[in-house]
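For reference, the structure discussed in these notes is given below.
Written out as structure tokens, the structure reads:
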């Protein structure tokens, strides 16, 4: 008895959570980790909205999606969480960061929306949030606290379902020869889709000549043309051959 | 109408008894926040890449709901879950989001090559 009270007393001193009077053994660490990842995901998602610098937006998005992967792990979907980390954080966001780096010239790093747009977006966003939260808490069976048990790993059932066979749930007991209720056809469609996307993205982003030259480049090339003509043609004192060249020469000599 | 239950849910989420296991509603609240942030990001940002990031946030909010409803032990005892179907749908959403990001980024780079900007307010060539 005395030993237990000493342990709980030291726990109270050590951890701020225990200052509320919770014994250490009563804390559900699943809930604590959920609160940690949920607050990280939400705070960084709001940070993506509030940041004006596109590089910071990309960084906040990385943190938010990684925290979402933590939430997937906590929900028992460890394969989805791993895929979230590998595909989203490791692939999609690297792609986005490449896009940011390729287009982040000084005037475009932070394009600020107007104050009226901000106010309107805040109003619409908060009303949408209220509607979604009201819908989320309106069903009683969703409010029931869950169990805190570790479930079976899901990688094998997921792989078998993608191959067209179910080894989980009520569909597992289907007789052999019955219609497969797995996900073989969507799996094939997604694979073809990814191939088409690969070809399409390479076609869209191929290097090609600029359709309209940028004003700065056009001005720079005109200046170089004028300098070249004045340097070469004027000391030779030759009559210019074409009308545009004569205009350039006369403009440059003045 | 649901102000009382809404505030109750928010209190459950915020102060949340650390001794009780989390349920589906907690995941739904996080998913709602991610979804709203994504929608506002899509509507507000003038940078085309910011709009893409908003799309990613929206897809993640939806994914979070799918995973929460598929999780057998967030629903409590005796409740029906989506089972593995929710996780498979979440996996497909992740894959299609990757494909969408690749194509949208290619379009953005093409737009940047043609217009020398990523400001989507300048994309008004098709205006009648």
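Residue numbers (this note's numbering), protein chains in the order written: chain Y, 5 to 258; chain S, 1376 to 1503. Think of the CB as a built atom: it goes at the ideal place given N, C-alpha and C, for glycine as much as any other residue.
Residue 1495 (chain S) and residue 1399 (chain S) - do their beta-carbons sit closer together than 9 Å? no
Is residue 1490 (chain S) near the ligand FAD, judged by its Cβ being under 8 Å from some heavy atom? Of ligands this structure carries none, so the ligand FAD is not represented either.
So is residue 1501 (chain S) in contact with chain Y if we call contact Cβ pairs under 9 Å? no
For residue 1398 (chain S), which three-state DSSP category applies? strand
Hey, could you find the ends of the alpha helix (DSSP H) residue 207 (chain Y) is sitting in? 188-208
Can you grab the Cα-Cα spacing for the pair residue 1460 (chain S) / residue 1445 (chain S), in whole Å? 7 Å
With a threshold of 9 Å between beta-carbons, can residue 1465 (chain S) be considered close to chain Y, or not? yes
Counting along the chain, where does the alpha helix (DSSP H) carrying residue 134 (chain Y) start and finish? 119-140
Which residues of chain Y have a Cβ atom closer than 7 Å to the Cβ of residue 1477 (chain S), listed in chain order? 99, 201 and 205
Which of the three DSSP states is assigned to residue 149 (chain Y) in this structure? strand
Drop a sphere of 10 angstroms on the beta-carbon of residue 235 (chain Y), count the other beta-carbons inside from all chains shown, and report buried for 16 or more, exposed for fewer. Per-residue confidence for residue 235 (chain Y) stands at a pLDDT of 47, beneath the threshold of 50, marking its modelled position as unreliable; the derived number appears in the next sentence. Exposed: under 16 other Cβ atoms inside 10 Å.
Would you mind working out which of S:1464, S:1492 and S:1434 sits nearest residue 1475 (chain S), comparing C-alpha positions? S:1434
Between residue 95 (chain Y) and residue 41 (chain Y), how many whole angstroms is the CB-CB distance? I'm expecting something under 8 Å. Incorrect: roughly 21 Å between the Cβ atoms, too far for contact.
What in chain S is Cβ-close to residue 122 (chain Y), meaning under 8 Å? 1419
Proximity winner among Y:76, Y:202, Y:137 and Y:65, relative to residue 93 (chain Y) (alpha-carbon distances): Y:65
Please classify residue 1422 (chain S): does DSSP put it in a helix, a strand, or coil? strand
With a cut-off of 8 Å, do at least 3 Cβ pairs link the region 1418-1425 of chain S to the region 108-124 of chain Y? yes
Is any beta-carbon of chain S found at less than 9 Å from that of residue 115 (chain Y)? yes
Strictly below 8 Å CB to CB, what residues from chain S border residue 58 (chain Y)? 1422, 1424 and 1425
Bridge partners - residue 1494 (chain S), DSSP secondary structure assignment: S:1422
Interface positions of the region 32-46 of chain Y facing chain S (Cβ-Cβ less than 7 Å), listed along the chain: 32, 34, 35, 36, 38, 39, 42, 45 and 46
If contacts are defined as beta-carbon pairs under 8 Å, then residue 1412 (chain S) and residue 1432 (chain S) qualify, I think. What distance do you get, rounded to the angstrom? 5 Å
Any C-beta of chain Y under 9 Å from that of residue 1498 (chain S): no
Quick one, are the C-beta atoms of residue 1468 (chain S) and residue 1441 (chain S) less than 9 Å apart? yes
Proximal residues, the region 76-106 of chain Y versus chain S, C-beta separation under 9 Å: 76, 78, 79, 80, 81, 83, 84, 85, 87, 88, 91, 92, 95, 96, 97, 99, 100, 102, 103, 104 and 106
Between residue 37 (chain Y) and the rest of its own chain, which residues show a CB-CB distance below 7 Å, the 5 nearest in sequence each way excluded? 78
Output, in chain order, the set of chain Y residues within a Cβ distance shorter than 9 Å of residue 1433 (chain S). Ordered by position in chain Y, no residue passes the 9 Å Cβ test against residue 1433 (chain S), which lies about 10 Å from the chain.
Check whether the Cβ atoms of residue 97 (chain Y) and residue 1481 (chain S) sit closer than 9 Å, and answer yes or no. no
Which residues in the same chain have their Cβ closer than 6 Å to the Cβ of residue 1472 (chain S), if we skip the five residues on either side of it in sequence? 1434
Can you tell me whether residue 210 (chain Y) is buried or exposed, with buried defined as 16 or more other CB within 10 angstroms of its CB? exposed
If residue 1418 (chain S) sits next to residue 125 (chain Y), beta carbons under 8 Å apart, how far is it from one beta carbon to the other, in whole angstroms? 5 Å
For residue 140 (chain Y) versus residue 146 (chain Y), is the C-beta distance shorter than 9 Å? yes
Comparing the C-beta of residue 17 (chain Y) with each C-beta of chain S, is any distance below 9 Å? Reliability of the predicted coordinates at residue 17 (chain Y) is poor, the pLDDT of 41 falling under 50, and no value is obtained from them.
Could you pull out every residue in the same chain whose Cβ sits closer than 6 Å to the Cβ of residue 52 (chain Y), ignoring the five residues on either side in sequence? 61, 64 and 65
Counting only beta-carbon atoms, is residue 1437 (chain S) nearer than 9 Å to chain Y? no
For residue 1416 (chain S) and residue 110 (chain Y), the rounded distance between their alpha carbons: 21 Å
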